[in-house]
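2 protein chains.
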Amino acid sequence: MVKLLDEKTEASPDHVGWRLWQASRAWQVEFAAAMRSAGHAWFSEARAGLLGHIPRNGTRQSALIERAATSKQAVQQLLDGLEAEGVLERLPDPRDGRGKLVCYTRKGLDALRDGDRIKLQIERGYIDRIGEQRFAALMDALRTLDAGRGDASAGASGPK
Amino acid sequence: MVKLLDEKTEASPDHVGWRLWQASRAWQVEFAAAMRSAGHAWFSEARAGLLGHIPRNGTRQSALIERAATSKQAVQQLLDGLEAEGVLERLPDPRDGRGKLVCYTRKGLDALRDGDRIKLQIERGYIDRIGEQRFAALMDALRTLDAGRGDASAGASGPK
DNA sequence: CCGTATAGTCAAGATACTTGACGATATTCA
DNA sequence: TGAATATCGTCAAGTATCTTGACTATACGG
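Chains as they are written, first to last, in the working numbering: chain A, 1 to 160; chain B, 1001 to 1160.
Right under this line is the structure:
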């Protein structure tokens, strides 16, 4: 295949990493836009990344820090912002005077509900675009990939 | 370990967006770590995102701005950094007095070469983890998804 | 009680990105 | 030609995210 000029399109190569990044980014942009349209102007990707680690019934801040792969200070600052927005609140942990429990407010739970709805909408769009079978294969591959962590990525993301 | 209260794991739901995000993030962390280990200490994820849009033979800065989905100022600041690191250089466009051509230096091309090698390594690791077939299905789904853009994400990423 | 570990905070700085304003060149068209 | 307009890139300031280091308060083990 003699591509004579076309070296111009050599960027954005066809690699897993790039594809994953592009797909992930597109999803986030679509989701964030829908969330903001739904009235959750406080929504951002970084905040979404944190909220994804907070179950509906709340969690201890320290547990949250373990799940998210960032520093406790980064988590704290995001929590500060979300608390200031009225999405979350921090209550003292009755079982540990040092700890705080991170819980959703009414506003936060409303956002979660809208988020679930939007996720399903986007998912339907994806299935329309690539077909049910391909979508299932995508999810299967991603799940398997995730399950196989702990070995391969141990050195990369290890807490040190 | 009998988890008796299981609502606790309700976070991080099993949705495409989350899976894509996690997978993309894991890839980037692994890739960036390998790049830095290979001696490219200047490497960062944001810079990688930009470099992915710059073909080996260079590009016009304005063309770059169109490809990357951010503001021209963001692109410029990343370019400033990469230029200061000696990875890129900006040459005047002989055909347009206003324009600049963004080109790789020797150092930049070396990094691209290492990057290609590392990508293949990671890809091999993925295939080992999820099998050749699943990996092929993953790539197929991601490519099809990407090809189907332009309608669905038009409103989200439009320049406006 | 004492030493150590854990939970969270405070403060400062780096990076990435956004907005607004601007100068320089190119293009269009009367 | 020459003026209006558009494009290309830069400068400057502000916001958001994340990182590091230092610190307080509580818990735990002896």
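C-beta atoms are modelled at their ideal positions from N, C-alpha and C, and glycine is treated no differently.
Nearest candidate by alpha-carbon position, reference residue i, set the options
{"i": "B/Ala1033", "options": "B/Gln1133, B/Gly1115 and B/Val1102", "result": "B/Gly1115"}
{"i": "A/Gly125", "options": "B/Gly1148, B/Arg1019, B/Ser1071 and B/Asp1140", "result": "B/Gly1148"}
{"i": "A/Asp96", "options": "A/Gly86, A/Arg36 and A/Ser62", "result": "A/Ser62"}
{"i": "A/Ile54", "options": "A/Ala38, A/Ala84, A/Leu145 and A/Leu79", "result": "A/Leu79"}
{"i": "B/Ala1038", "options": "B/Thr1144, B/Lys1107 and B/Gln1076", "result": "B/Lys1107"}
{"i": "B/Arg1056", "options": "B/Arg1134, B/Leu1109 and B/Ile1127", "result": "B/Leu1109"}
Residue-chain proximity (residue i, chain A), Cβ-Cβ < 9 Å
{"i": "B/Pro1013", "result": "yes"}
{"i": "B/Arg1113", "result": "no"}
{"i": "B/Val1016", "result": "yes"}
{"i": "B/Arg1129", "result": "yes"}
{"i": "B/Arg1117", "result": "no"}
{"i": "B/Gly1099", "result": "no"}
{"i": "B/Gly1052", "result": "yes"}
{"i": "B/Leu1078", "result": "no"}
For residue j and residue i, the rounded distance between their alpha carbons
{"i": "B/Ala1041", "j": "B/Ile1122", "result": "19 Å"}
{"i": "B/Met1139", "j": "B/Leu1064", "result": "25 Å"}
{"i": "A/Ala137", "j": "A/Leu50", "result": "27 Å"}
{"i": "A/Pro92", "j": "A/Ser44", "result": "26 Å"}
{"i": "B/Leu1004", "j": "B/Ala1084", "result": "Its pLDDT being 36, under 50, B/Leu1004 is placed unreliably by the model, and nothing is read from it."}
{"i": "A/Val75", "j": "A/Ala69", "result": "9 Å"}
{"i": "B/Gln1073", "j": "A/Pro94", "result": "49 Å"}
{"i": "A/Arg113", "j": "B/Leu1145", "result": "26 Å"}
{"i": "B/Gln1077", "j": "B/Glu1132", "result": "40 Å"}
{"i": "A/Pro13", "j": "A/Thr105", "result": "44 Å"}
{"i": "B/Lys1008", "j": "A/Ala111", "result": "Low confidence applies to B/Lys1008: its pLDDT is 45, below 50, so where it sits in the model is not reliable enough to give any reading."}
{"i": "A/Arg25", "j": "B/Met1035", "result": "22 Å"}
{"i": "B/Ser1071", "j": "B/Trp1021", "result": "23 Å"}
{"i": "A/Arg67", "j": "B/Gly1081", "result": "32 Å"}
{"i": "A/Gly86", "j": "B/His1015", "result": "26 Å"}
{"i": "B/Arg1090", "j": "B/Gly1058", "result": "10 Å"}
{"i": "B/Ser1153", "j": "B/Arg1134", "result": "Low confidence applies to B/Ser1153: its pLDDT is 38, below 50, so where it sits in the model is not reliable enough to give any reading."}
Rounded distance between the beta-carbons of residue j and residue i, thought under 8 Å
{"i": "B/Leu1120", "j": "B/Val1102", "result": "With a Cβ gap of about 26 Å, B/Leu1120 and B/Val1102 do not count as contacting."}
{"i": "A/Arg47", "j": "A/Gly99", "result": "At roughly 22 Å, the Cβ-Cβ gap does not stay under 8 Å, so A/Arg47 and A/Gly99 are not in contact."}
{"i": "B/Ala1141", "j": "A/Ile130", "result": "6 Å"}
{"i": "B/Gln1028", "j": "A/Gly17", "result": "7 Å"}
{"i": "B/Arg1019", "j": "A/Arg143", "result": "7 Å"}
{"i": "A/Phe31", "j": "A/Ile118", "result": "6 Å"}
Cutoff 9 Å: residue i Cβ touching any chain B Cβ
{"i": "A/Met35", "result": "no"}
{"i": "A/Asp96", "result": "no"}
{"i": "A/Tyr104", "result": "no"}
{"i": "A/Val29", "result": "yes"}
{"i": "A/Ala41", "result": "no"}
{"i": "A/Gly49", "result": "yes"}
{"i": "A/Asp146", "result": "yes"}
{"i": "A/Glu122", "result": "In the sequence as displayed, the identity of residue 122 of chain A is Ile instead of Glu. Yes, its Cβ sits closer than 9 Å to a Cβ of chain B."}
{"i": "A/Ala26", "result": "yes"}
{"i": "A/Gly108", "result": "no"}
{"i": "A/Asp93", "result": "no"}
{"i": "A/Gln61", "result": "no"}
{"i": "A/Ala23", "result": "yes"}
{"i": "A/Leu20", "result": "yes"}
{"i": "A/Ala141", "result": "yes"}
{"i": "A/Arg149", "result": "yes"}
Hey, which unbroken runs of the beta strand (DSSP E) at 3 residues or more fall wholly within the stretch 1014 to 1101 of chain B? 1088 to 1092, all fully within the stretch 1014 to 1101 of chain B.
Length at least 4, wholly inside the stretch 1123 to 1147 of chain B: the alpha helix (DSSP H) runs in chain order: Counting whole runs of 4 or more residues, the stretch 1123 to 1147 of chain B contains the alpha helix (DSSP H) stretches 1132 to 1147.
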